[in-house]
């Protein structure tokens, strides 16, 4: 720490270290989230949904926000993670931690295998490849009824988390807490990853792939790596969803799952990792409020929001919000001042 | 066997008309319009409602099924879409998903969630036998109409001045502008024609898929995207090839190997993207 | 004579019917200060892309420090000591100079470079960032996002980034292009202060800069090497004059 001799070196050190510390507002954010779960046990199911959707949107942020890759097929990994956990549980291996690990690993493996497809072609081809893979998997799950239950889904029951806390319909608050802990741990990992040289290399690839390559960065492998991690995160979200709701169905692979995840991330803002979680909360609360008033038409308002968001300009909107927030959150403001 | 092949071709032709507009905006102009299916829905509704409410004959409704979405297309293009031509793919995706999300509840609100049927006239119902091959009259009609449209589009794009201007504008809008081509106008007209064709496709498809309902914009989205993906940036011919391949594979696959189902077509799409990321038909250099 | 740092042996590149590079051979000695000049369309950019591995030659070889790297990828060539700058700035607009340089450095010494918090590595990286920052006079702007830097500063960062990969061969693609007059001096000073042991190939239009900097000049015309020699010889060469006068006649 004290190796720095000159003022310039100290400034460099401080500049590099500024990303590392947890800011007060971040700590407040997490405590508030935890407090919400404890304070509203009757809303635990909704909160659980938000937490899991937040994790799913976070997985998208890893590829979109960090590496600049747009995917329309993230639902593939959500579905694989969910079905892996569900199949395991239906075979009487109902330990949630095991299912979570297996779900994340299965999805990560799939991500690793399909990632090379992303390296060919430009954005457009990537959109189609990711979409195509998720559709293929959905169809595969549909046709493999012997394993997945096909259109009927699967029935299974879960053991308590760590053998202590029962989750499911009788333990919805436990379920929400379980999801929350998983989200927090994975978030902290993602946060660290974003600050590591690896994360910086991803930023470089996103900002200028040509130059990143000219610095000797093997851009292809970095993309494969982050896509794999992102897939594992989405798989973890799927596993949580399966375990806490004890339902899996084919709609997990649907296009609208991928689209919803993307919308949540965009609403919350991509690139600073909190966006997915904030967006998920806004999206689901909004859906809940609007659909309470007009059940069939809530999509309309989400659509309107999106159109407005794009027309006003996501960057500009985020700048406005962040310049307000800059007083309390300089880091995020620095990122958003595009 | 021939019947299946013919059904596949008919389905492919239908997909072609639905996707031809998209193949130009996405394949040539590189604009990702996920709301293309909404125009197909409008066309389907126009035909269904004109027949239901005014008792108009099926054939008479078809021009309207083209015109209404075309006008809607030109209005939306002038007011909204054009702002996003240069935008990032992500913005285009978000924007057009937003439009779809709006279009579906609007249809639901006005017309209800239940499907509106298009009742075919007698002369298009049933099937006839050609050399011992049973062929549905309506599918024959579809092949005829769509084939004529494909031929007309190809001639239009390759032979006419407008076609040349469009190709120039797509290739490099700035240079085209410099040559005195009104790129704005070209794009607007192209967009309108593409939307109109989607509407016509929607009207023609309504009977095949059991009516028009608010989920129509998403129903064909994936198939249309696959068509354009396979066709790549080669415009009409590429899209026609993609649509026919998809139609035949889909129908034949569902008939002969039902256990695999839609897997085949998704597989073909992904395989295409692996082999030629810019589409099977695109020139080797890619863009 | 010692082993050349970079060698082109009969490089040939064909784009369809167009022969963009036609049997180009030359050698760059360690520590050389060589310039590559030629009129627009002479194939300078193609030649750089061939040398750095962005495109593969139709025929011929690229040899880096005695190793044939013709089949080696562009990013691997960087690791083997061949770096370049770009005619049009290729920077990371939303990263700061510190971050950009830190990235380039930790990418180079991949051992233990994955996390800055490993203390020993970090001190070494910080020291190296500091060295580059002070060498190129970027202290004032080092923690500001790159896109807010003045153009001349961005040009300097462009060179600093290339240097951060510790190259033995550095290709400078028009380093002074577009730099306003008042900032030009900084670029010239930075070029003059480049490490002596690094072999440099300067691709430039600006003849003043070429003749101040280079001790050897190669002239590329229509994809072929027209001639090569010391600045005085080149300045007197009738064919070179003809090529440039011819170009003036067009413009």
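Residue numbers (full-length UniProt numbering), protein chains in the order written: chain A, 1 to 338; chain B, 1 to 287; chain C, 1 to 251. Cβ coordinates follow ideal geometry from the N, Cα and C atoms, glycine included.
Just the C-alpha distance for residue 178 of chain A and residue 109 of chain B, rounded to the nearest angstrom, thanks. 40 Å
Where residue 181 of chain A falls: helix, strand or coil (DSSP): helix
Three-state secondary structure (DSSP) at residue 93 of chain B? helix
Within 8 Å of chain C by C-beta, residues of the stretch 49-69 of chain A in sequence order: none
At a CB-CB cut-off below 8 Å, which residues of chain A make contact with residue 74 of chain C? 213, 214
Quick check: the Cα distance between residue 227 of chain B and residue 245 of chain B, rounded to an integer number of angstroms? 9 Å
If we call anything under 7 Å between Cβ atoms a contact, is residue 6 of chain C one with residue 28 of chain C? yes
Roughly how many angstroms separate the alpha carbons of residue 62 of chain A and residue 32 of chain C, rounded to a whole number? 44 Å
List, in chain order, every chain E residue whose beta-carbon is nearer than 7 Å to that of residue 91 of chain C. Looking for chain E here will not work: the only protein chains present are A, B and C.
What does the alpha-carbon distance come out to for the pair residue 239 of chain C and residue 4 of chain C? 27 Å
Nearest-angstrom Cα separation, counted from residue 178 of chain C out to residue 206 of chain C: 11 Å
For residue 83 of chain B, which residues in chain A fall below 8 Å Cβ to Cβ? 311
Residue 69 of chain A - DSSP class collapsed to helix/strand/coil: coil
In chain order, what residues of the stretch 122-139 of chain A put their CB closer than 8 Å to some CB of chain B? 122, 123, 124, 125, 127, 128, 129, 131, 132, 133, 135, 136, 139
Where does residue 291 of chain A sit, in a helix, a strand or coil, going by DSSP? helix
When the Cα of residue 89 of chain C is compared with those of A:256, A:210, A:271, which residue comes out closest? A:210
Interface residues of chain A facing residue 79 of chain C [CB-CB closer than 8 Å]: 216
Closest to residue 157 of chain A by C-alpha separation, out of A:93, A:128, A:10, A:292, would be which residue? A:93
Members of the stretch 87-98 of chain B that neighbour chain A once the beta carbon cut-off is set at 7 Å: 89, 90, 91, 93, 94, 95, 97, 98
Proximity to residue 220 of chain A [Cα-Cα], best of A:33, A:38, A:69: A:69
Taking the alpha carbon of residue 222 of chain A as the reference point, which residue from A:197, A:240, A:232 has its own alpha carbon closest? A:197
If we ignore side chains and look at the alpha-carbon of each, how far apart do residue 221 of chain C and residue 173 of chain C end up? 17 Å
The alpha helix (DSSP H) with residue 312 of chain C in it runs from where to where? With chain C covering only 1 through 251, there is no way to say anything about residue 312 of chain C.
Sort A:78, A:278, A:119, A:54 by Cα distance to residue 242 of chain A and report the nearest one. A:78
With a threshold of 16 other CB atoms inside 10 Å of the CB of residue 151 of chain C, please say whether the residue is buried or exposed. exposed
Nearest chain C C-beta to residue 162 of chain A closer than 7 Å, yes or no? no
Tell me which same chain residues have a C-beta within less than 7 Å of the C-beta of residue 197 of chain C, skipping the five on either side of it? 30, 31
Quick one: which residues of the stretch 135-147 of chain C get their C-beta closer than 8 Å to a C-beta of chain A? List them in chain order. 139, 142, 143, 145
Quick one: does residue 174 of chain C have its CB under 7 Å from some CB of chain A? no
Could you name each continuous alpha helix (DSSP H) segment of 4 residues or more that falls completely within the stretch 164-243 of chain B, going from the start of the chain to the end? 173-178, 183-208, 216-219, 221-231
Beta carbon of residue 103 of chain B nearer than 7 Å to that of residue 212 of chain B: no
If the criterion is Cβ atoms closer than 7 Å, does the pair residue 105 of chain B and residue 300 of chain A meet it? yes
Cβ contact (3+ pairs, closer than 8 Å) linking the stretch 88-105 of chain A and the stretch 268-277 of chain A: no
Taking only three categories from DSSP, how would you classify residue 67 of chain C? strand
Under the rule that 16 or more other beta-carbon atoms within 10 Å means buried, what is residue 180 of chain A, buried or exposed? buried
Does DSSP put residue 22 of chain C in a helix, a strand or coil? strand
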